[in-house]
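The structure appears below as structure tokens.
In this note's numbering, the protein residues as written are 7 to 75.
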């Protein structure tokens, strides 16, 4: 899917500072969470999940707040 191939650019457009896309594992991983507030983590999670839902991309969120595509 073209959207998944461009996920790194999409995260930049969403101004995500905490997440990065790992194409090999097809997962959007939470990075630098030790230095971030819960509010910032949840804010980015909501923005990413809204985008993925609107793009009809199926995902799950694991116990480490990663998005598994």
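Quick reminder that beta carbons are idealized off the backbone N, C-alpha and C, glycines included.
What you are looking at is a predicted structure, and each value in this text was computed from that prediction instead of being measured.
Taken in chain order, the complete alpha helix (DSSP H) segments of 4 residues or longer contained in the region 39-69 are 44-60. In the DSSP assignment, residue 36 falls within the beta strand (DSSP E) that extends over 33-36. With a cutoff of 7 Å on beta-carbon distance, residue 65 and residue 73 are scored as near each other. Annotated as distal: residue 25 and residue 33, with beta-carbon spacing of 7 Å or more. Residue 40 is classed as exposed because its beta carbon has fewer than 16 other beta carbons within 10 Å across all chains shown. Check the Cα spacing between residue 38 and each of 31, 14, 23: the tightest is with 23.
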